[in-house]
Amino acid sequence: MSADRAILDEALERGEEEGGNVEFKERLTRAVHLSDGRMESLAAQLRHRVLSGDGVATYVVGVTDDGGIAGISPEDFSETMDVLSLLAEEAGAHIEDVETWGVGERAERGLVGVATIREGAMLDVDDDHIVVGTAGHVDHGKSTLVGSLVTGQADNGNGQTRSFLDVQPHEIERGLSADLSYAVYGFSEDGPVHMRNPHRKSDRAHIVQEADRLVSFVDTVGHEPWLRTTIRGLVGQRLDYGLLVVAADDGPTRTTREHLGILLAMELPTIVAITKADAVSEDRLDEVERDVERLLRNVGRTPLSVERHGVEAAVDEISESVVPIVLTSAVTMDGLAELDHMFEALPKRSAAEGDFRMYIDRTYSVTGVGAVASGTVNSGAVEAGDTLLLGPMGDGSFEEVEVRSIEMHYHRVDRANAGRIVGIALKGVRESDVERGMVLLPADAEPTAVREFEAEVMVLNHPTRIRAGYEPVVHIETISEAAVFYPDGGQLLPGDTGTTRVEFKFRPYFVEEGQRFVFREGRSKGVGTVTKIH
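Numbering (the UniProt record's numbering), first residue to last: 1 to 534.
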């Protein structure tokens with residue numbers, strides 16, 4: 001029997017006892033249940049259920065008054081959740097979780113759901129939440145290190161803790177990440193707040209609820225064929241810090257240098273973690289640390305050994321020019337206390353003033369909820385119920401959508417500020433119409449879809465000269481799009497800094513002056529800043 005079905009059966013067994021905390025509803029509609037007088041009555045009923053359950057009520061939706069399973073259409077279920085959310089807000093409560101499943105014949109398949117409603121407004125997490133992007137060569141232990149950090153558990157030497165991240169089963173089986181993955185832990189006055197059972201989504205929600213300070217990780221891909229995905233993670237998320245991982249048994253590689261170049265191009269303060277310290281001799285560990293220090297000096301950065309100078313010095317000195325180096329082992333847990341200390345103390349950097357803006361990184365559909373757009377809030381704040389603009393569409397237009405709900409690491413919040421990694425459920429659009437690289441903006445914004453712009457660029461690596469018609473992939477925020485360069489003067493040489501017109505090949509995007517980007521074609525790459533919009 002599935003966990004969802006067990007929840008339903010438990011609710012049906014308890015039934016609508018007099019004074020109990022379980023309520024059966026077939027469906028709720030705005031027209032009927034939010035009308036004058038009816039809304040107040042239903043909110044009072046909900047409040048009674050919550051108080052009867054010591055702060056928690058269960059609403060079973062898609063069933064008859066006597067508990068018979070009926071099932072309702074996805075559209076009706078979605079409207080029911082909207083109405084129930086408004087009733088909960090009126091009663092001083094919020095929907096904490098919703099479990100759904102299908103019933104009936106496939107041709108007439110309906111939905112039944114169990115909504116858990118908790119007393120109190122939906123939490124808004126702290127403004128001191130930092131986001132860290134990981135980078136480094138494949139098999140150097142990025143995901144394993146992050147898995148041990150967020151759980152407080154030692155690895156078994158075979159990468160066991162990497163399975164605690166938000167990764168796909170085939171990635172765990174192969175031991176290779178193929179897409180961005182996410183993890184979170186936090187800190188309270190008692191120290192780190194870890195995931196007790198990392199395979200339960202509710203444990204991520206528990207961390208968001210319990211921690212005074214959150215640390216979210218965007219774990220990128222180390223395998224070279226997926227460098228485009230790594231760039232998306234480091235450029236497309238509003239990161240506060242970078243965490244570059246170098247394995248002690250392998251040392252810095254070409255991928256290490258390439259990832260470091262991207263971190264530095266984005267002007268991101270970075271920490272280097274030398275992993276697998278338990279797997280090599282002290283002489284080898286010293287050798288790799290010297291190699292890392294040499295690599296940093298070669299790109300104009302000052303290395304700072306945490307082992308020699310201490311965590312406080314690293315926190316005080318970390319910047320775009322000073323890079324702390326920590327020796328770590330996920331097996332022995334050496335160095336993880338130092339990283340904990342740093343992540344607890346490092347200031348947030350990416351908070352941005354101004355109107356709400358979020359570039360979309362992922363899209364998916366949730367049964368009974370609809371389209372969900374996931375990404376990092378670039379600036380401003382968004383609240384449930386807000387009306388936003390989504391786009392640009394392929395023709396350059398923007399469509400009006402409504403924020404149905406907001407989740408952060410599986411925990412519902414009523415508001416999300418700049419720097420938060422969130423999923424926003426959207427009303428008024430199909431999931432198939434939402435694409436990575438689109439942007440969400442306030443409804444009163446007057447955005448322009450951009451097909452071409454001028455930029456100041458620096459060519460970091462290219463085998464020959466760049467001429468008019470050069471076609472790299474340009475990465476701006478979560479946009480990854482083929483573009484055509486038309487350099488002023490007709491060409492750019494390796495190491496050159498110059499101005500070029502950039503034209504997206506296939507469709508327009510929302511681009512603003514001042515945005516930094518990375519461009520890449522084969523092993524050629526460079527960085528740039530948007531200077532003028534056409």
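C-beta: ideal position from N, C-alpha, C; glycine also.
Range of the contiguous alpha helix (DSSP H) that encloses residue i
i, result
"residue 36", "Note, residue 36: premise wrong, no alpha helix (DSSP H); not H, not E."
"residue 262", "254-265"
"residue 317", "311-317"
Cross-strand partners of residue i (DSSP beta bridge)
i, result
"residue 417", "381"
"residue 78", "Paired residues: none, contrary to the question."
"residue 519", "474, 526"
"residue 491", "467"
"residue 251", "In DSSP, residue 251 forms no bridge with anything."
"residue 152", "None; residue 152 has no bridge partner."
"residue 441", "389"
"residue 324", "304"
"residue 427", "402"
"residue 214", "186"
"residue 513", "Bridge partners of residue 513: none, in fact."
"residue 219", "134, 181"
"residue 243", "134, 271"
"residue 411", "408"
"residue 397", "Note: residue 397 sits in no beta bridge, so no partner."
Identity of the residue in the options nearest residue i by Cα
i, options, result
"residue 400", "331, 153, 441", "441"
"residue 137", "373, 296, 258", "258"
"residue 53", "62, 75, 33, 93", "93"
"residue 444", "450, 488, 388", "388"
"residue 274", "506, 281, 266, 289", "289"
"residue 494", "465, 306, 512", "465"
"residue 325", "277, 362, 364", "277"
"residue 95", "406, 468, 497", "406"
"residue 468", "488, 475, 455", "488"
"residue 141", "152, 131, 161", "161"
"residue 316", "343, 298, 299, 331", "343"
"residue 78", "437, 503, 30", "30"
"residue 120", "498, 446, 412", "412"
"residue 265", "341, 528, 533", "528"
"residue 366", "520, 99, 38, 339", "99"
"residue 497", "267, 455, 158", "455"
"residue 346", "281, 330, 314, 478", "314"
"residue 321", "304, 309, 282, 329", "304"
Contact under 8 Å by Cβ, residue i with residue j
i, j, result
"residue 133", "residue 220", "yes"
"residue 302", "residue 323", "yes"
"residue 154", "residue 393", "no"
"residue 194", "residue 150", "yes"
"residue 239", "residue 208", "no"
"residue 509", "residue 500", "no"
"residue 459", "residue 492", "yes"
"residue 471", "residue 484", "yes"
"residue 375", "residue 358", "yes"
"residue 115", "residue 59", "yes"
"residue 26", "residue 91", "no"
"residue 135", "residue 117", "no"
"residue 428", "residue 402", "yes"
"residue 372", "residue 425", "yes"
"residue 24", "residue 56", "no"
"residue 48", "residue 42", "no"
"residue 84", "residue 245", "no"
"residue 82", "residue 192", "no"
"residue 182", "residue 143", "no"
"residue 398", "residue 447", "yes"
The beta strand (DSSP E) enclosing residue i, as first and last residue numbers
i, result
"residue 140", "From DSSP, residue 140 is part of no beta strand (DSSP E); its letter is neither H nor E."
"residue 111", "110-119"
"residue 290", "Taken as a continuous stretch (DSSP letters only), residue 290 belongs to no beta strand (DSSP E), being part of the alpha helix (DSSP H) at 282-298."
"residue 97", "93-103"
"residue 25", "22-25"
"residue 60", "56-61"
"residue 498", "497-504"
"residue 192", "191-193"
"residue 275", "270-275"
8 Å Cβ cutoff, residue i in contact with chain D
i, result
"residue 293", "In the structure shown, chain D cannot be found, because there is only a single protein chain."
Inset, instruction - Taking only runs that begin and end inside the segment 329-380, name each unbroken alpha helix (DSSP H) of 4 or more residues, in chain order. - result: 336-345
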